[in-house]
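*Asks:*
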Amino acid sequence: MRNVVLLGPPGAGKGTLAARLSQELGLLHLSTGDVLRDEVARGTELGRLAQGYMSRGELVPDEVILAMVRERVDGRRGVLFDGFPRTLAQAKGLAAFAPVDVVVFLAIAKDEVVRRLSSRRVCASCGAVYNLITQPPQVAGQCDRCGGDLVQRPDDRPDVIARRFEVYERDSAPLVDHYARQGLLVRVDAGRPPEAVFADVLAKIQG
Ligand SMILES: [Zn+2]
């Protein structure tokens with residue numbers, strides 16, 4: 672069983688891919704977003720600590736994230752890290768308790784990310800999420816579930832998405848370099864349909 676890190680900008684299809692890969696390979700899928708939400712919801716010591724930072728609008732420090740991840744990994748092998756590590760410090764902290772065997776980087780062009788994410792619409796009444804490309808409503812502009820109006824969130828505007836992409840590229844560069852230098856990085860073209868990306872990643876992880 673190998674420990675796999677999945678890196679890639681929002682819109683690269685990371686979440687869906689991680690779910691499929693972990694199922695196919697029998698890996699424990701560890702999304703730090705989910706772990707964080709769960710710790711906060713259960714009111715654990717780490718969760719309360721994290722919530723303190725978040726309620727002040729601050730980033731949760733690396734040590735807190737690392738402690739949560741370490742607890743989940745619990746010495747086991749065969750973990751798929753989704754959205755983690757985010758920083759070089761997190762990568763070094765992770766290496767101390769879980770050796771990384773392969774890092775998959777989902778490479779995708781900014782234009783494609785903008786195209787995918789700016790197609791997202793949400794129902795103003797019930798919050799259901801649609802995508803005009805991959806999951807359109809049956810009637811244009813109308814929620815299938817409740818008939819409410821479909822609107823674009825401010826976060827899904829093309830200029831906001833483009834900016835977020837640039838920030839991700841800048842912030843993740845040291846991490847990508849770090850893993851490339853260690854010979855662990857595998858680049859996959861994520862601008863293709865999910866099925867093609869999945870098959871490619873699977874071949875590269877197993878190979
Ligand atoms: Zn609705």
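Residue numbers (the numbering used here): 672 to 878.
Ideal placement from N, C-alpha and C gives every residue a C-beta, glycine not left out.
Quick caveat: nothing in here was measured; it's all calculated off a predicted structure.
Counting C-beta neighbours from all protein chains within 10 Å, is the total for residue 761 16 or more, i.e. buried, or is it exposed?
*Replies:* In the sequence shown, residue 761 corresponds to position 90, counting from 1. Answer is buried; the Cβ neighbour count reaches 16.
*Asks:* Does any CB atom of chain D fall closer than 8 Å to the CB of residue 775?
*Replies:* The question asks about chain D, but that chain is absent: this structure has only one protein chain.
*Asks:* Between the beta-carbon of residue 861 and the beta-carbon of residue 718, is there less than 8 Å?
*Replies:* Counting from 1 along the sequence shown, the entry for residue 861 is found at position 190. Counting from 1 along the sequence shown, the entry for residue 718 is found at position 47. No; because the gap between Cβ atoms is not below 8 Å, this pair is not in contact.
*Asks:* Give me every residue whose Cβ sits closer than 6 Å to any heavy atom of ligand 1, in chain order.
*Replies:* Residue list for ligand 1: 794, 796, 797, 799, 814, 816, 817 and 819 (CB closer than 6 Å to any heavy atom, chain order).
*Asks:* Count Cβ pairs between the segment 699-718 and the segment 794-805 that sit closer than 8 Å; are there 3 or more?
*Replies:* The segment 699-718 is not in contact with the segment 794-805.
*Asks:* Thinking C-beta only, is residue 789 closer than 8 Å to residue 828?
*Replies:* In the sequence shown, the residue the question calls residue 828 occupies position 157. In the sequence shown, the residue the question calls residue 789 occupies position 118. Yes, the pair counts as a contact, with Cβ atoms nearer than the cut-off.
*Asks:* Go ahead and pull the three-state DSSP assignment for residue 810.
*Replies:* Translated into positions along the sequence shown, residue 810 becomes position 139. Residue 810: coil per DSSP, three-state reduction.
*Asks:* Restricting to Cα atoms, I'd like to know which of 756, 687 and 787 is closest to residue 849.
*Replies:* For this step, residue 849 is matched to residue 178 along the sequence shown. Comparing Cα positions, the closest option is 756.
*Asks:* Can you check which of these residues, 736, 721 and 773, is closest to residue 877 by C-alpha distance?
*Replies:* Your numbering for residue 877 matches position 206 in the sequence shown. Nearest option by C-alpha distance: 773.
*Asks:* Can you tell which of 837, 739, 695 and 735 has the C-alpha that lies nearest to the C-alpha of residue 869?
*Replies:* The residue labelled residue 869 in the question sits at position 198 within the sequence shown. If we check each option's Cα against that of residue 869, 695 comes out closest.
*Asks:* Looking at C-alpha atoms only, which residue of 730, 758, 722 and 748 is the closest neighbour of residue 841?
*Replies:* Position 170 of the sequence shown, counting from 1, holds the residue named residue 841. Residue 841 has its Cα closest to that of 758, out of 730, 758, 722 and 748.
*Asks:* At which residues does the alpha helix (DSSP H) containing residue 752 begin and terminate?
*Replies:* Within the sequence shown, numbered from 1, the residue matching residue 752 stands at position 81. Where residue 752 is concerned, there is no enclosing alpha helix (DSSP H), although the beta strand (DSSP E) it sits in stretches over 750-753.
*Asks:* What did DSSP end up calling residue 778 once you bin it into helix, strand or coil?
*Replies:* Within the sequence shown, numbered from 1, the residue matching residue 778 stands at position 107. Three-state result, residue 778: strand.
*Asks:* Can you name, in chain order, every residue of its own chain whose Cβ lies under 7 Å from the Cβ of residue 814, other than the five neighbours on each side?
*Replies:* Here the question's residue 814 lines up with position 143 in the sequence shown. Here the set comprises 794, 796, 797, 799, 808 and 821.
*Asks:* At the level of alpha carbons, what is the spacing between residue 700 and residue 832?
*Replies:* Taking the sequence shown and counting its residues from 1, one reaches residue 700 at position 29. Taking the sequence shown and counting its residues from 1, one reaches residue 832 at position 161. Rounded to whole angstroms, residue 700 to residue 832 spans 26 Å at the Cα level.
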